[in-house]
Amino acid sequence: MKDFYKDKQILITGGAGHIGQLLSDRLLEFNPEVVRLLDTHENGLFNLRQKYQGIAGEKVRFLLGDIRDLNRLRYAFNGIDIVFHAAAYKHVVECEYNPIDAVETNINGTSNVIRAALENNVQKVIFTSSDKAANPSNSMGATKLLAEKLMIAANSYRGTHGTIFACCRFGNVVRSSGSVVPLFEEQIKQGKGITITDPDMTRFLVSNDKAIELVLRSGILANGGEVFIFKMPSIKIDILADAMMQKYGTVPKKIIGKKAGEKMYEELMTEEEKLRAFENEEMYVISPTTTDINHVSYEGFTKIDKISNSRDAEHLDKDEILRLIE
Numbered sequence: 208m209k210d211f212y213k214d215k216q217i218l219i220t221g222g223a224g225h226i227g228q229l230l231s232d233r234l235l236e237f238n239p240e241v242v243r244l245l246d247t248h249e250n251g252l253f254n255l256r257q258k259y260q261g262i263a264g265e266k267v268r269f270l271l272g273d274i275r276d277l278n279r280l281r282y283a284f285n286g287i288d289i290v291f292h293a294a295a296y297k298h299v300v301e302c303e304y305n306p307i308d309a310v311e312t313n314i315n316g317t318s319n320v321i322r323a324a325l326e327n328n329v330q331k332v333i334f335t336s337s338d339k340a341a342n343p344s345n346s347m348g349a350t351k352l353l354a355e356k357l358m359i360a361a362n363s364y365r366g367t368h369g370t371i372f373a374c375c376r377f378g379n380v381v382r383s384s385g386s387v388v389p390l391f392e393e394q395i396k397q398g399k400g401i402t403i404t405d406p407d408m409t410r411f412l413v414s415n416d417k418a419i420e421l422v423l424r425s426g427i428l429a430n431g432g433e434v435f436i437f438k439m440p441s442i443k444i445d446i447l448a449d450a451m452m453q454k455y456g457t458v459p460k461k462i463i464g465k466k467a468g469e470k471m472y473e474e475l476m477t478e479e480e481k482l483r484a485f486e487n488e489e490m491y492v493i494s495p496t497t498t499d500i501n502h503v504s505y506e507g508f509t510k511i512d513k514i515s516n517s518r519d520a521e522h523l524d525k526d527e528i529l530r531l532i533e
């Protein structure tokens, strides 16, 4: 992995976000030529400038900009080898109540990323998607799905450009901003009751390290149009709450009901995608619809036989959850 990213010029959209920061930390270990962090969050970029003080002048660039602005991306992508596209609106409820803005950023912004990448002859673009893109029931999932479709289709209309576009999907990333783990932790520390939408709700949960490993491995493996997915453990929200109270202290549980757009369980892929998917011990890869499935070959991967959703998969117990969220 280090050899692949060494001396590369890399740009991360959403660079001040949770995934963006973790990704930049890891990439800097591989001695890239430069890492450009593009984000609309001015204070976030300022904080990162302080964090990377001493190496910022050599390796890291801080770009204030919006993926909705194509011209800004055209300048930002100049000379870039690899783009990790992590900028997005990701909260289900907020996107449900603000669908127009979700479309502007998650769909139109992704279209701009594609156009700017093609115009600058970027080598690879990796889009960070979500398991909510599989059979979406909400605006966020629907926009992520269409953004995936745009990325996959970009491989067909790139013309003479050599840019490779691919996607990766993961579930809830431990301790990402606004996610359930830091929410429960804060509620317990404040002595408030834990707010549980539904005790039987299940989710896929992935550690920070695994999420970043998926993104980086996708960058290496991508040939064009794939969706890469790590095999992730499943949790019941009620058991997660019990596990966190075991560690931080007991508070009352408050059942508040399912929020707008939320699903009771998540899926990693659809039944149609399963027909063109492969797996090894750690991950799945969904080949693009434009590929003849009988002639696809991913070294070390075999055709998928069965895929579980977060409801039917084996769930982690409290001790396993605590080890995962440490």
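Using our numbering, the first residue of the sequence shown is number 208, and each one after it goes up by one.
Quick reminder that beta carbons are idealized off the backbone N, C-alpha and C, glycines included.
Only a predicted model underlies this, so the values are computations on that prediction, with no experimental measurement involved.
Cα separation between residue i and residue j?
i	j	result
I514	M358	24 Å
S235	Q260	Before going further, note that residue 235 is Leu rather than Ser in the sequence given. Between L235 and Q260, the C-alpha separation is close to 13 Å.
S346	T312	12 Å
P306	R256	32 Å
K297	C375	15 Å
G286	N327	7 Å
I444	A467	17 Å
Y212	G426	9 Å
N516	E265	45 Å
Y304	I446	29 Å
D553	F284	Outside the modelled stretch of the chain, which goes from 208 to 533, sits residue 553, for which no answer is possible.
L421	V492	11 Å
V381	K465	21 Å
F334	E533	27 Å
Y505	F372	17 Å
E521	L230	29 Å
R281	V299	30 Å
G456	A448	11 Å
A429	L482	19 Å
V290	I217	6 Å
K454	V320	42 Å
F437	G378	9 Å
Could you have a look at residue i and say whether DSSP puts it in helix, strand or coil?
i	result
A484	strand
K510	strand
F437	strand
R268	strand
V458	coil
T350	helix
K213	coil
S336	strand
H248	coil
V381	coil
I541	The question about residue 541 has no answer here: the residues shown for the chain are numbered 208 through 533.
L475	coil
I446	helix
M490	strand
A373	strand
F411	strand
H368	coil
I401	strand
R243	strand
L423	helix
I532	helix
Assign residue i to one of two classes, buried (16 or more other C-beta atoms within 10 Å of its C-beta) or exposed (fewer than that).
i	result
N222	For the sequence presented, residue 222 should be read as Gly rather than Asn. The residue in question, G222, is buried, as its Cβ has 16 or more Cβ neighbours within 10 Å.
G431	buried
E479	exposed
H384	According to the sequence shown, residue 384 is Ser rather than His. Exposed, by the Cβ-count rule.
K331	buried
D338	buried
A309	buried
N278	exposed
G369	exposed
G224	buried
S546	Nothing about residue 546 can be read from this structure; the chain reaches only from 208 to 533.
Does any residue of chain B have a CB that is nearer than 8 Å to the CB of residue i?
i	result
D405	Of the protein chains in the structure, only one exists, and it is not chain B.
Identify every run of the alpha helix (DSSP H) within the stretch 283-330, keeping only runs that are complete inside it and at least 4 residues long; order them along the chain.
-> Listed in chain order, they are 299-304, 306-309 and 316-326.
Inter-stretch contact (C-beta, 8 Å, three-pair minimum) for the stretch 397-407 and the stretch 453-463 = Output reads yes: the stretch 453-463 touches the stretch 397-407.
For the stretch 240-250 against the stretch 277-294, are there 3 or more C-beta pairs whose distance is under 8 Å?
-> A contact exists between the stretch 240-250 and the stretch 277-294.
Please determine if the stretch 412-425 and the stretch 465-473 are in contact, where contact requires at least 3 C-beta pairs separated by less than 8 Å.
-> The stretch 412-425, when compared against the stretch 465-473, does not touch it at the 8 Å Cβ threshold.
At least 3 beta-carbon pairs within less than 8 Å: the stretch 386-397 vs the stretch 349-357 = Between the stretch 386-397 and the stretch 349-357, the count of C-beta pairs closer than 8 Å stays below three; the two stretches do not touch.
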